[in-house]
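Chains A and B, in that order, are what the protein sequence lines are.
Taking the working numbering, the leading residue of the first sequence gets 3, the next gets one more, and so forth.
Taking the working numbering, the leading residue of the second sequence gets 7, the next gets one more, and so forth.
Think of the CB as a built atom: it goes at the ideal place given N, C-alpha and C, for glycine as much as any other residue.
This report concerns only the one structure given below.
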Amino acid sequence: MERYFEDVDLGDLIGPVERVATDAQVLDFCKVWGMAASNRFTSREVAQREGFPDAIVPGIMGMAFLAELVTRWSPSLELKKLDVIFRQLVPHNRLLKLHGVVTDKDEEMGLLEADVYLDLSDGDRMVTGKAVFSLPHREG
Amino acid sequence: MYYLDLHCHSVSSDDARATVEQYLKWVQMLRKRGYQVDGIVLTEHRKFDQGIDYSWLSRQYGTTVLKGSELDTRYGHFLVYGVNHHLLQRFNFADVGLDALALMQEAERTGAIAVPAHPGRYGIGLVEHLANGLDLSALRVVEHLNGGSRKGENERADALVQQAGLLGTGGSDAHFVSAIATCLTEFPSPIRSAEELVTALHQGTFRAVRLEETRAQVVK
Numbered sequence: 003m004e005r006y007f008e009d010v011d012l013g014d015l016i017g018p019v020e021r022v023a024t025d026a027q028v029l030d031f032c033k034v035w036g037m038a039a040s041n042r043f044t045s046r047e048v049a050q051r052e053g054f055p056d057a058i059v060p061g062i063m064g065m066a067f068l069a070e071l072v073t074r075w076s077p078s079l080e081l082k083k084l085d086v087i088f089r090q091l092v093p094h095n096r097l098l099k100l101h102g103v104v105t106d107k108d109e110e111m112g113l114l115e116a117d118v119y120l121d122l123s124d125g126d127r128m129v130t131g132k133a134v135f136s137l138p139h140r141e142g
Numbered sequence: 007m008y009y010l011d012l013h014c015h016s017v018s019s020d021d022a023r024a025t026v027e028q029y030l031k032w033v034q035m036l037r038k039r040g041y042q043v044d045g046i047v048l049t050e051h052r053k054f055d056q057g058i059d060y061s062w063l064s065r066q067y068g069t070t071v072l073k074g075s076e077l078d079t080r081y082g083h084f085l086v087y088g089v090n091h092h093l094l095q096r097f098n099f100a101d102v103g104l105d106a107l108a109l110m111q112e113a114e115r116t117g118a119i120a121v122p123a124h125p126g127r128y129g130i131g132l133v134e135h136l137a138n139g140l141d142l143s144a145l146r147v148v149e150h151l152n153g154g155s156r157k158g159e160n161e162r163a164d165a166l167v168q169q170a171g172l173l174g175t176g177g178s179d180a181h182f183v184s185a186i187a188t189c190l191t192e193f194p195s196p197i198r199s200a201e202e203l204v205t206a207l208h209q210g211t212f213r214a215v216r217l218e219e220t221r222a223q224v225v226k
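Here you go:
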């Protein structure tokens, strides 16, 4: 659904979208990313040697999920900036809930801001971020 | 009733992403939705923004904006209200291992108050230290409801409040816009200054509430 700058208000919700970062998806992501096959993201043994409880989802993969959440909100949306704080380790193979809310509207600059969240399905917050984006205007 | 968020961080704190004006815009949006939020207290990490004046924003948005600090001690984080030049001279606010007892005593002596933040937080909260034998018998007030708590942490704070007969505040611990005012402190009358806030906290006629409870208050 195409959204326009003029129609968006503070408090408008983005998502939610559900995703699971499976072992296979993390492995594929790491291959594209250029990471060695066996690392804290793909191997439980390596992760535990480094002090993690299990293999974890790469931070930038979580960011990619959040970027996807925002850019799919509207086809012409342009994501300008995504700034996140990693609060907890994101586990493999768990249902993740991605959602956001519009928090600011800069009429002069034509920019919008949203808080975006990556939570476990039970509500435990893993990643919090701020997205800055633009939407087309209704008149030109 | 008067509702203040006693714990939040603006971009002045290194891990926060919201400006004070964005918080105040959000508060206006919450009011339009029927919630009552009367003000916020900025408690930046390890600092006190002495030179920053938010009074024009406060007037523009009709919302009380006060300043405090959140300091790191050996017994967890402490929210300090009524920060004054005595405290600024006596303590290095950037120190991550301040003496909590000295901070509480000095705050009390100089007309301020130091309140343990998120005492139920796993690993760093006051509850952990009390379990290890720390004596804080002089403690009267703790943060009861913290909007940034993970599962079980507010419950641990609640158990502490009930068992020790403490008074409890509420604050969102917001670092992002949409988290502001998720938890608040309810006072019986308006509070317009840090001095009035300290007085009210000493008087003890307040309680921690969640944002949803302010809406119920308005409807009544």
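Item, Value
"Mind checking the stretch 20-35 of chain B against chain A and listing, in chain order, the residues whose C-beta falls within less than 7 Å of any C-beta there?", "D21, R23, Q28, K31, W32, M35"
"Within a Cβ cutoff of 6 Å, which residues of the same chain sit near N41/A, ignoring the five residues on either side of it in sequence?", "V48"
"Less than 8 Å between CB atoms is the rule here; does L120/A satisfy it with respect to chain B?", "no"
"Please determine, among G13/A, K107/A, A26/A, the residue with the shortest C-alpha to C-alpha distance to A39/A.", "A26/A"
"Going by beta carbon distance, what residues of the same chain come within less than 7 Å of P77/A, once the five residues before and after it are set aside?", "E4"
"Hey, how far is the Cα of A118/B from the Cα of A106/B?", "14 Å"
"If you draw a straight line from the C-alpha of L31/A to the C-alpha of R198/B, how long is it?", "It is Phe, not Leu, that sits at residue 31/A in the sequence shown. Approximately 53 Å, taken between the alpha carbons."
"Residues in the stretch 12-42 of chain A with C-beta within 9 Å of chain B's C-beta atoms, listed in sequence order?", "L12, G13"
"Specify the secondary structure class of D25/A as computed by DSSP and reduced to three states.", "helix"
"Using a Cβ-Cβ cutoff of less than 6 Å, which residues in the same chain neighbour P196/B once the five nearest sequence positions on both sides are dropped?", "Y8"
"Helix, strand or coil for H92/B per DSSP?", "helix"
"Could you name the residues of chain A that F182/B contacts, counting a contact when the two beta carbons are closer than 7 Å?", "D117, T130, K132"
"Taking the continuous alpha helix (DSSP H) assigned at M63/A, which residues delimit it?", "61-73"
"So, at 8 Å on beta carbons, what are the nonlocal neighbours of V34/A in its own chain, with the 5 sequence-adjacent residues on each side left out?", "none"
"Helix, strand or coil, according to DSSP, for K83/A in the structure here?", "strand"
"Residues of chain B with a CB under 7 Å from the CB of V103/A: which are they?", "S184"
"DSSP has G40/B in a bridge; who is on the other side?", "For G40/B, which the question treats as bridged, DSSP gives no partner whatsoever."
"In or out: R65/B buried (at least 16 other Cβ within 10 Å) or exposed?", "exposed"
"I need the DSSP call for Y6/A, collapsed to helix, strand or coil.", "coil"
"Determine, for I87/A, whether the minimum Cβ-Cβ distance to residues of chain B falls below 8 Å.", "yes"
"I'd like to confirm the pairing. Which residues does DSSP put opposite N152/B in its beta bridges?", "G177/B"
"Kindly list, in the order they appear in chain A, the residues whose Cβ is closer than 7 Å to that of K157/B.", "D126"
"Is the stretch 146-163 of chain B touching the stretch 112-127 of chain B in the sense that three or more CB pairs, one from each, lie closer than 8 Å?", "yes"
"Decide if G88/B is buried, meaning its Cβ has at least 16 other Cβ atoms within 10 Å, or exposed.", "buried"
"Give a yes or no on whether the C-beta atoms belonging to D21/B and H135/B are separated by under 8 Å.", "no"
"Can you name, in chain order, every residue of its own chain whose Cβ lies under 8 Å from the Cβ of V28/A, other than the five neighbours on each side?", "F43, T44, A57, V59, P60, M63, H94"
"Can you give me the Cβ contacts of K226/B inside the same chain, cut-off strictly under 6 Å, excluding the 5 residues immediately before and after it?", "Low per-residue confidence applies at K226/B: pLDDT is 48, beneath 50, and the placement is therefore not dependable, though the value from the model is reported in the following sentence. Same-chain partners within the cutoff: there are none."
"If you draw a straight line from the C-alpha of L79/A to the C-alpha of H139/A, how long is it?", "11 Å"
"Of the choices Q111/B, L36/B, L203/B, G74/B, whose alpha-carbon is the least far from that of F99/B?", "G74/B"
"Buried or exposed: which applies to V22/A, given that a residue is buried once 16 or more other Cβ atoms fall within 10 Å of its Cβ?", "exposed"
"For D106/A, which residues in chain B fall below 8 Å Cβ to Cβ?", "Q28, K31, V183"
"Kindly confirm or deny that the stretch 54-62 of chain B and the stretch 165-183 of chain B touch, where touching means at least three C-beta pairs closer than 8 Å.", "no"
"I need the DSSP call for L118/A, collapsed to helix, strand or coil.", "Residue 118/A is actually Val in this sequence, not Leu. Strand at V118/A."
"Quick check: L217/B and Y29/B, are their CB atoms within less than 8 Å of each other?", "no"
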